[in-house]
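Sequential numbering from 60 applies to the sequence shown in my numbering.
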Amino acid sequence: MATYARGDSDLHKTVQDVMERYHGDLDDAEVTVTVLLAYGPRDAHGDPVGPAITVHGVPAWASIKVTSLRDRAAGMSDAIMLLDGDRIDEWSYEELEAVIDHELTHLELRIDERGNVKRDDLDRPRLAIRKHDWQFGWFDEVARRHGAASPEVRQAKQLAEASGDLYQLYLPGMGPGKRKSATRRAAERIQEAVERANESGVEVEVSVG
């Protein structure tokens, strides 16, 4: 069974800093977020034997949920963010900020027809969970059996092609022609990885947080 501990003041400050920097709408609405560190189940020797966090049954680095009116009335914050306590020390500060940014992006203010933030009976901002722009459903065995014809590889290629402009974010100076070549190579590498996995029988874990 997973266990939990409240994040320290530095961690909560990091969440607040990320909110102020990238999510001004949440900050302006004074959305409050409590951070909990989750730790996976342990064996008799204290070693992890399972993931700290799962989302729809899949291991994840983090998750976030909107609290209910009852929980808010009991003094809880507007949202609860879980971070993987077993992995957080392995992340750089930049990686931690990125994970936090990802989770905060899930929080979406509910807006009325006049453009105002909807409020609950406690005058707290009403929130909804925003879905990912992209969501993968991937079975290794289907990708191995059907290769480029599989939904797994097809959607991976679609993501690589549709998100070509993102290469500019981490490959500075890459022009459109180079980005096109990069996306094509990315799609080819996906197919090569599937083929190598098929030959070796190695299970490849694809994780999307």
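A virtual CB, placed ideally from N, CA and C, is assigned to each residue, including glycine.
- Scanning its chain for C-beta atoms nearer than 7 Å, with the 5 sequence neighbours on each side dropped, one finds around PRO110 the residues GLY99, PRO118, in chain order.
- If you compare the alpha carbons of ASP171, TRP193, GLY196 with that of ARG185, the shortest gap goes to ASP171.
- Close CB contacts of HIS71 within its chain, under the 7 Å cut and outside five residues either way in sequence, are with VAL94 (chain order).
- The region 123-167 contains, as complete alpha helix (DSSP H) runs of 4+ residues, the segments 128-132, 152-164 (chain order).
- Remark: C-beta atoms of GLU156 and VAL77 approach each other more closely than 7 Å.
- Between the C-alpha atoms of HIS191 and GLN217 there is a straight-line separation of about 15 Å.
- Apart from the 5 residues on each side of it in sequence, HIS165 sits with its Cβ closer than 7 Å to the Cβ of ILE123, ILE188, ARG189 in its chain, given in chain order.
- For THR62, the enclosing beta strand (DSSP E) covers residues 62-65.
- Only residues of its own chain outside the window of five on either side were considered, and among them ALA97, ALA119, SER122, LEU141, ASP143 have a CB closer than 6 Å to the CB of ILE112, listed in chain order.
- Between the alpha carbons of VAL125 and GLY83 lies a gap of roughly 18 Å.
- The beta-bridge partner set that DSSP reports for ARG169 is empty.
- In its chain, beyond the 5 residues on either side, VAL201, ALA202 have a beta carbon closer than 6 Å to the beta carbon of SER209.
- Beta-bridge analysis with DSSP links ARG101 to PRO107.
- Shown here for ALA132: same chain residues with a beta carbon closer than 8 Å to its own, the five before and five after excluded, namely LEU181 in chain order.
- Going by C-alpha positions, ALA215 is about 38 Å away from GLY105.
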